[in-house]
Amino acid sequence: MNKDYYDILGVNKNASKDDIKKAFYKLAHKYHPDKKEGNEAKFKQVNEAYQVLSDDSKRSKYDQFGSGFENVQQGYGGHGQSGFEGFDFSNFSGGFQNSNADFDFGNLNDIFSDFFTGGTGRGRAQARRGRDISTEIQISFSESVFGTSRKILITKTSNCNICNGSGAKLNTKMEICKYCNGQGKIREAKRTILGTISSTKICEECLGSGEVPKEKCETCKGKGVLRKEVEVSINIPAGIRDGEMIRMAGGGEAVSKGTAGDLYIKINVASHAVFKREGNDLVMNLDLKLSDALLGTEYPIQTLDGQISVKIPEGVSINEILRVKGKGIPISKNKRGDLLIKLKIKLPGKLSRKSRELIEQLKKEGI
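Note that UniProt numbering has the sequence shown beginning at 1, numbered continuously upward.
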């Protein structure tokens with residue numbers, strides 16, 4: 001069945017890569033299985049859609065051929081698609097019985113997948129892959145601007161350190177798998193309404209390698225993987241935004257003789273008492289005395305880079321903005337946004353007699 005990846009991410013077909021990325025981050029956070037109202041199935045759908053639409057080459061093929069684009073030109077007899085494109089045989093489950101025959105439909109999607117890909121079977125068509133996992137960490141506002149690194153502990157399924165994922169006891173010999181006779185796959189025959197159809201699948205004992213250890217690793221019991229706590233180092237780039245996610249390929253759950261899933265880290269940025277972010281600029285408010293606003297002066301400002309002195313021109317207005325170049329968010333190695341200082345004129349709540357007299361004189365001057 002053709003999958004509408006655009007619909008899964010909630011974007012239109014003309015969406016930019018940035019729009020696709022934002023939609024993915026939002027939905028991945030919403031459906032993450034660790035969340036109270038998470039949904040693992042939808043999380044996997046969102047991840048699958050993002051992997052295709054974020055890759056220009058895959059997206060182009062998907063737009064042309066649909067979600068089955070990877071099988072195009074690999075179909076039966078080398079003539080492209082099978083002709084069963086988009087037809088879902090999964091509803092034909094269980095059995096079909098009449099007075100003359102008892103046919104096992106099984107899952108005809110699997111059967112036709114094997115049949116129209118040259119009988120290679122699901123084992124080779126789709127490699128074993130571990131589950132994607134995610135976590136989140138909080139960093140300071142300053143760390144989000146300049147970047148930082150963190151080390152966190154995660155409990156997950158990882159390769160066994162003793163056997164390095166092989167499942168074999170150290171220095172033990174490998175022997176031919178008895179279940180598949182060293183073929184790495186097992187052939188099955190199913191009776192269907194179309195007759196007997198043969199298909200192949202990965203051997204569950206050797207996982208496609210054709211070999212099994214004579215003696216299994218005692219630590220992981222021959223599985224090659226086990227659940228344990230591991231330390232993960234995370235490099236957080238400068239300029240990262242609150243809510244953005246970092247993807248670490250291969251940092252997810254490991255599987256025996258397969259590829260590990262990915263690790264997604266959501267970054268939560270703590271708010272700052274003085275600064276706020278607007279695009280690549282930093283914004284702050286500065287309270288001025290009325291006399292300083294009228295006559296001008298210099299104010300010391302404590303920025304994220306250290307203290308600087310800012311010149312206040314004569315006769316500035318309320319909410320006027322002063323721009324300090326290159327003191328904002330890093331954009332590239334040699335380029336940064338700016339620091340925007342919004343001027344707020346602080347009026348005295350109560351005037352002394354002398355202050356009142358002086359202001360009366362200013363009033364007579366038309367000020």
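Where a beta carbon is used, it is the ideal one built from N, C-alpha and C, also for glycine.
{"Asked": "Sequence-distant residues of its chain with Cβ nearer than 8 Å to Q307 (five each side left out)", "Found": "P300 and I301"}
{"Asked": "Neighbourhood of I20 by C-beta distance below 8 Å, restricted to the same chain and skipping five residues each side", "Found": "L9, V11, Y50, L53 and S54"}
{"Asked": "Whole-angstrom distance between K342 and I139, CA atom to CA atom", "Found": "26 Å"}
{"Asked": "Backbone CA spacing between I154 and I133 [nearest angstrom]", "Found": "10 Å"}
{"Asked": "DSSP-derived helix/strand/coil call for N235", "Found": "strand"}
{"Asked": "Reduced DSSP secondary structure (H/G/I, E/B, other) of L343", "Found": "strand"}
{"Asked": "Limits of the alpha helix (DSSP H) - the one that N285 falls within", "Found": "Where N285 is concerned, there is no enclosing alpha helix (DSSP H), although the beta strand (DSSP E) it sits in stretches over D281 to K289."}
{"Asked": "For residue 383, three-class secondary structure by DSSP", "Found": "Look at the range of the chain in this structure, 1 to 367, and you will see that residue 383 is not part of it."}
{"Asked": "Buried or exposed by the 16-neighbour rule on C-beta atoms within 10 Å, applied to T200", "Found": "buried"}
{"Asked": "Cα-Cα separation between N2 and S67, rounded to whole angstroms", "Found": "5 Å"}
{"Asked": "Beta-carbon contacts of G315 that lie in its chain and below 8 Å, excluding the five residues immediately before and after", "Found": "A293, L294 and G296"}
{"Asked": "Segment contact, 8 Å Cβ cut-off, at least three pairs: the region 264-272 with the region 139-149", "Found": "yes"}
{"Asked": "Residues near I234 by beta carbon distance below 8 Å, same chain, minus five either side", "Found": "I137, S149, R150, K151, I152, I246, M248 and I265"}
{"Asked": "Cutoff 8 Å: K13 Cβ touching any chain D Cβ", "Found": "The structure shown contains no chain D; it is built from a single protein chain."}
{"Asked": "Per-residue burial, D262 [other beta carbons within 10 Å of its own, 16 or more giving buried]", "Found": "buried"}
{"Asked": "Y31 - partner residues in DSSP beta bridges", "Found": "Answer is none; Y31 lacks a bridge partner."}
{"Asked": "Residues bridged to I246 (per DSSP)", "Found": "I265"}
{"Asked": "Nearest residue (CA-CA) to R187, options G208, N171 and E48", "Found": "G208"}
{"Asked": "Short Cβ contact (8 Å threshold) for K216 with K257", "Found": "no"}
{"Asked": "G328 vs D338 beta-carbon contact at 8 Å", "Found": "yes"}
{"Asked": "R277 versus E320 - alpha carbon distance", "Found": "18 Å"}
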